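Single-structure report; data block below.
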Amino acid sequence: MAALKIESRHQLSALVVDDNKENMRDMSPPSSSDRSGSADDNNNEKIVHPPSKAAVPKSIEEIDRLHTIGTGTFGRVMLVKKKKTEDYYALKIMSIRCVINTKQVDHVHSEKRILMKLTHPFIVTLHWTSVDEKCLYLLFDFVPGGELFSYLRASGRFGNRMSRFYAAEIVSALDYMHSRNVVYRDLKPENLMLDSEGHLKITDFGFAKELLDRTWTLCGTPEYLAPEVIANKGHNKAVDWWALGVLIYEMHAGFPPFQGANALEIYDRILEGKLKFPKTFNLFAKDLCRKLLQTDRTQRIGGMKNGAADVKAHKWFAQLDWDEVAERKLTPPLVPTLFHAGDTGNFDSYEEQDWDEMPDVSQKEQELFTNW
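In this text, residue positions in the sequence shown follow our numbering: the first is 15, and each later residue adds one.
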């Protein structure tokens, strides 16, 4: 039986139905929405560059923990600063007890292994990992712009040029991952962050897997699951191209293509595969979405013999130079507003945790992470 790892978006998915309007998910702006800036604005905010690789702190002892910028099943992500500098990073902290209790030991080892083998301009950089008697630690670059989802929610939907920019950077990253036999399996706006210049960084590799053939694990977010995952037929890299189709649709429309009152209704509509496009949808983008949202994975663009090359050659991307995409030479359509290098105004606020209350684990349990 497939392992169940499903994340729900329904708390973000209140549907508004109006005969005179398109069906639209609730897109009320987050509290930080007024901070976003456009590439066309005459903003005077300083572009904050990440610290140089040579400056990366070498251990937990060299950093100060500041405050939480994200939470998850096993722990949280904290903004940290290298002592005596203004270099900021993101430290992912996972409770060993929680990892063991949820039987995710192999899972977190896989996440670390995959992140350590990936180096790409649109994938978050993992610098090192560490472990103590209570927690696992992963040090990443701090990506200060916040989630793409927040900007999409604030604006309702993106225009064609904006959608194509983000889609192109994702295609570049997926092409790279797939060439290294990594399937991401969790593409969605919540896992796409904006760096200080407005380029994307793919984060959260908790569902990623090294894959040569197929796997049967049911994982992901309901609205973004490919039909072969739902049907438990085994899936491969083609699931990432399906998810790209959902994302392109959602960026253009402001809501995903397959919706329902609950996960089961969403699954039924995904398996049915019927698509309806708003009138505002770009024709070439619509054509690409149809080819990405092909229920037969053997006929899905990106999932066939030529892989990502077929996606890159599509007419929607005709004006792009893919070398320029990979070299971050395209002008981002939006530049986050940042007032200093450690600005967390683009993130939600979280209640802090008393780390002394984290449960200890036995020496035998710690040995499960000897090579961490």
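Using N, Cα and C, we set each Cβ at its ideal position, and we do this for glycine too.
Fair warning: this is a prediction, and the values are worked out from it, not measured in the lab.
Burial state of residue i, where buried means 16 or more other Cβ atoms lie within 10 Å
i	result
A245	exposed
L297	exposed
A299	buried
E75	exposed
A327	exposed
E242	buried
G393	Residue 393 lies beyond the stretch modelled for the chain, which goes from 15 to 386, so this question has no answer here.
E341	exposed
A252	buried
E381	exposed
H183	Per the sequence shown, the amino acid found at residue 183 is Glu instead of His. E183 should be labelled buried.
Secondary structure of residue i, DSSP reduced to three states
i	result
P135	coil
A257	helix
M130	helix
W142	strand
S124	helix
T312	helix
K97	coil
V196	strand
Y190	helix
H328	coil
L150	strand
R171	coil
S45	Annotation note: pLDDT 42 at S45 (below 50); position unreliable, coordinate value reported separately. Coil, per DSSP.
A240	coil
L289	coil
E224	strand
D357	coil
M372	coil
V119	helix
M92	strand
V349	strand
N56	Note that N56 scores 36 on pLDDT, short of 50, meaning its location in the model is unreliable and no value can be drawn from it.
H266	helix
M176	helix
L18	In this prediction, L18 has a pLDDT of 32, which is less than 50 and means its spatial position is unreliable; what the coordinates show is noted afterwards. L18 falls in the strand class under three-state DSSP.
R342	coil
D78	strand
S164	helix
D40	Reliability of the predicted coordinates at D40 is poor, the pLDDT of 37 falling under 50, and the value obtained from them is presented with this limitation in mind. Residue state, collapsed to three classes: coil.
A104	strand
Residue i versus the options, residue with shortest Cα-Cα distance
i	options	result
A322	K131, A181, H123	A181
L302	I137, L261, G274	L261
A187	V339, L150, P241	V339
T85	T384, V375, Q367	Q367
T99	A69, M92, I110, T345	A69
C112	H81, A104, L150, Y364	L150
G89	G356, Y281, K148	K148
D357	K72, N115, A104, S73	A104
Q118	T87, R283, V253	T87
P71	D101, L80, L201	D101
L307	A332, D335, F272	F272
I83	M372, W386, E365, S376	E365
G359	S210, G259, L334	S210
L348	D324, I114, R178, S109	R178
F154	D218, S363, V375	D218
R199	N174, R171, W255	W255
N320	G287, D189, T309, V145	D189
S109	D146, K247, H141	D146
Expected contact under 8 Å - CB spacing of residue i and residue j to nearest Å
i	j	result
M207	E161	6 Å
K106	I77	Not quite, the Cβ-Cβ distance comes to about 13 Å (not below 8 Å), so this is no contact.
L152	T139	The pair is not a contact, with the Cβ atoms about 11 Å apart (cut-off 8 Å).
R311	A240	7 Å
I315	K329	Not quite, the Cβ-Cβ distance comes to about 12 Å (not below 8 Å), so this is no contact.
Y238	L214	Actually they are not in contact, since the Cβ atoms of Y238 and L214 sit about 16 Å apart, beyond 8 Å.
I216	V375	With 8 Å as the limit, I216 and V375 do not qualify as a contact, their Cβ atoms being about 31 Å apart.
P346	G220	Wrong, their Cβ atoms sit about 27 Å apart, outside the cutoff.
Short CB-CB distance (under 8 Å) between residue i and chain C
i	result
G317	Here there is only one protein chain, and chain C is not present.
Contact test: residue i Cβ vs the ligand FAD heavy atom, cutoff 7 Å
i	result
G274	With respect to small molecules bound, the structure shown includes none, and the ligand FAD cannot be examined in it.
Taking contact to mean 3 or more Cβ pairs, one atom from each stretch, closer than 8 Å, check whether the stretch 117 to 126 and the stretch 210 to 228 are in contact. The stretch 117 to 126 vs the stretch 210 to 228: in contact.
I'd like to know if the stretch 342 to 352 and the stretch 144 to 161 are in contact, where contact means that at least 3 CB-CB pairs between them fall below 8 Å. Contact between the stretch 342 to 352 and the stretch 144 to 161 is present, because at least three Cβ pairs lie under 8 Å.
Touching by the beta-carbon criterion (3+ pairs, under 8 Å), the stretch 284 to 296 and the stretch 262 to 274: Yes: at least three Cβ pairs fall under 8 Å.
Do the stretch 131 to 146 and the stretch 194 to 208 make contact, defined as three or more Cβ pairs closer than 8 Å? Touching, yes.
Indicate whether the contact test is met: 3 or more Cβ pairs, each with one atom in the stretch 164 to 181 and one in the stretch 267 to 281, closer than 8 Å. Taking 8 Å as the limit for Cβ pairs, the verdict is that the stretch 267 to 281 does touch the stretch 164 to 181.
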